[in-house]
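Residue numbers (our numbering): 275 to 618.
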């Protein structure tokens, strides 16, 4: 996965917990809401919040000057990703300076993103069989290692002469984020660094994942992509103009199986609405850090058997732009062999 935005961040502990305005004793935002009210506001349950708090190393180093505890810091971050703006967090609080909230958001997102190697990873040889079995149960396709797609995360304009690089085909500024998921909508790989004007196919062709499949790391397993990708021997896409009943059956099966990644995006963005509404942070590295942190949080929630977040926001799926199949006879023969063996 690509985490180029993380290298510029300091590893030293922030000292803001001790130098900003004191946090009022009377405010206990964790106890303010219960049950569904809490879940709607923070997008996950209280049980999950406590479990994640125990995993993250965000407790203050000392008790001097009534520092903000780790649980409250986590709630600040969850409230931010539920809204996309720190202003909504400030509206909930009394006596907390905006700069303190921004530092907490940066700190918690960094701690979550640093866990990406543990929570976001492609299946190893033993796990690959289970992942393929999960996809096989959906539509019957064998040896599927993941479903790949890109989604645009709205941002504010970067400014300067390079700002138009971030304007996507829909007219807003964004990062184009590539995700691979399994049949259980768990994120297995993420590339978060490309501006919104870059095509999905370019992102995949320049990813470490493409190189891994080209080198044979995943054997005869393959990924499923939409018609925005070139067909390869390890990346199968639908047939643009099916001519036979077997090709139509393949397309139907392919679409049903690949829909896992669309469902993943829907759940991910409902759990972290800032990904749909837009992230109103100025620093590019922090925006990318928040995106990766949201992916880690999504996988944590799956591991904790969290229920899916409510469908209270509209999720807009990106349009598919069709491009012709790459003139690669080997790639075509792999797809043709699969169609002939399964659907003829």
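Yeah, the Cβ is synthetic: ideal placement off N, Cα and C, and Gly gets one too.
Neighbour-count burial assignment, residue i, 16 or more Cβ in a 10 Å radius
{"i": "residue 460", "result": "buried"}
{"i": "residue 608", "result": "buried"}
{"i": "residue 450", "result": "buried"}
{"i": "residue 420", "result": "buried"}
{"i": "residue 582", "result": "exposed"}
{"i": "residue 317", "result": "buried"}
{"i": "residue 220", "result": "Any question about residue 220 goes unanswered here, given that the chain covers just 275 to 618."}
{"i": "residue 530", "result": "exposed"}
{"i": "residue 297", "result": "With a pLDDT of only 46 at residue 297, under the threshold of 50, the placement of this residue in the model should not be trusted, and no figure is reported."}
{"i": "residue 522", "result": "exposed"}
{"i": "residue 372", "result": "exposed"}
{"i": "residue 591", "result": "exposed"}
{"i": "residue 532", "result": "buried"}
{"i": "residue 515", "result": "exposed"}
{"i": "residue 580", "result": "buried"}
{"i": "residue 328", "result": "exposed"}
{"i": "residue 388", "result": "buried"}
{"i": "residue 313", "result": "buried"}
{"i": "residue 310", "result": "exposed"}
{"i": "residue 348", "result": "buried"}
{"i": "residue 490", "result": "exposed"}
{"i": "residue 469", "result": "buried"}
Three-state secondary structure assigned by DSSP to residue i
{"i": "residue 474", "result": "helix"}
{"i": "residue 323", "result": "helix"}
{"i": "residue 417", "result": "coil"}
{"i": "residue 510", "result": "strand"}
{"i": "residue 567", "result": "helix"}
{"i": "residue 561", "result": "helix"}
{"i": "residue 588", "result": "coil"}
{"i": "residue 329", "result": "helix"}
{"i": "residue 497", "result": "strand"}
{"i": "residue 537", "result": "helix"}
{"i": "residue 441", "result": "strand"}
{"i": "residue 576", "result": "helix"}
{"i": "residue 612", "result": "helix"}
{"i": "residue 491", "result": "coil"}
{"i": "residue 502", "result": "coil"}
{"i": "residue 522", "result": "helix"}
{"i": "residue 543", "result": "helix"}
{"i": "residue 618", "result": "coil"}
{"i": "residue 435", "result": "coil"}
{"i": "residue 607", "result": "helix"}
Rounded C-alpha distance that separates residue i from residue j
{"i": "residue 354", "j": "residue 435", "result": "30 Å"}
{"i": "residue 377", "j": "residue 331", "result": "15 Å"}
{"i": "residue 501", "j": "residue 456", "result": "19 Å"}
{"i": "residue 524", "j": "residue 463", "result": "26 Å"}
{"i": "residue 383", "j": "residue 334", "result": "16 Å"}
{"i": "residue 575", "j": "residue 542", "result": "10 Å"}
{"i": "residue 534", "j": "residue 545", "result": "16 Å"}
{"i": "residue 571", "j": "residue 445", "result": "29 Å"}
{"i": "residue 299", "j": "residue 386", "result": "Residue placement at residue 299 is poorly supported in this model, since its pLDDT is 46, which falls under 50; the coordinates still yield a value, given next. Cα-Cα distance, rounded: 27 Å."}
{"i": "residue 350", "j": "residue 561", "result": "16 Å"}
{"i": "residue 564", "j": "residue 504", "result": "30 Å"}
{"i": "residue 548", "j": "residue 517", "result": "42 Å"}
{"i": "residue 380", "j": "residue 610", "result": "49 Å"}
{"i": "residue 475", "j": "residue 443", "result": "15 Å"}
{"i": "residue 588", "j": "residue 540", "result": "9 Å"}
{"i": "residue 302", "j": "residue 394", "result": "33 Å"}
{"i": "residue 465", "j": "residue 390", "result": "12 Å"}
{"i": "residue 693", "j": "residue 432", "result": "Because the chain spans 275 through 618 in this model, residue 693 falls outside it and cannot be assessed."}
{"i": "residue 612", "j": "residue 308", "result": "51 Å"}
{"i": "residue 441", "j": "residue 453", "result": "20 Å"}
{"i": "residue 416", "j": "residue 409", "result": "8 Å"}
{"i": "residue 492", "j": "residue 340", "result": "52 Å"}
{"i": "residue 619", "j": "residue 406", "result": "Nothing can be reported for residue 619, as the shown portion of the chain is limited to 275 through 618."}
{"i": "residue 494", "j": "residue 508", "result": "8 Å"}
{"i": "residue 325", "j": "residue 519", "result": "50 Å"}
{"i": "residue 513", "j": "residue 616", "result": "15 Å"}
{"i": "residue 439", "j": "residue 553", "result": "17 Å"}
{"i": "residue 485", "j": "residue 398", "result": "16 Å"}
Terminal residues of the alpha helix (DSSP H) in which residue i lies
{"i": "residue 413", "result": "399-413"}
{"i": "residue 349", "result": "344-357"}
{"i": "residue 303", "result": "303-306"}
{"i": "residue 487", "result": "482-488"}
{"i": "residue 313", "result": "309-316"}
{"i": "residue 391", "result": "390-393"}
{"i": "residue 386", "result": "372-387"}
Beta-ladder partner(s) of residue i, from DSSP
{"i": "residue 428", "result": "448"}
{"i": "residue 463", "result": "454"}
{"i": "residue 469", "result": "449"}
{"i": "residue 423", "result": "453"}
{"i": "residue 553", "result": "429"}
CB contact check: residue i to chain C, cutoff 8 Å
{"i": "residue 410", "result": "Of the chains in the structure shown, none is chain C; there is only one protein chain."}
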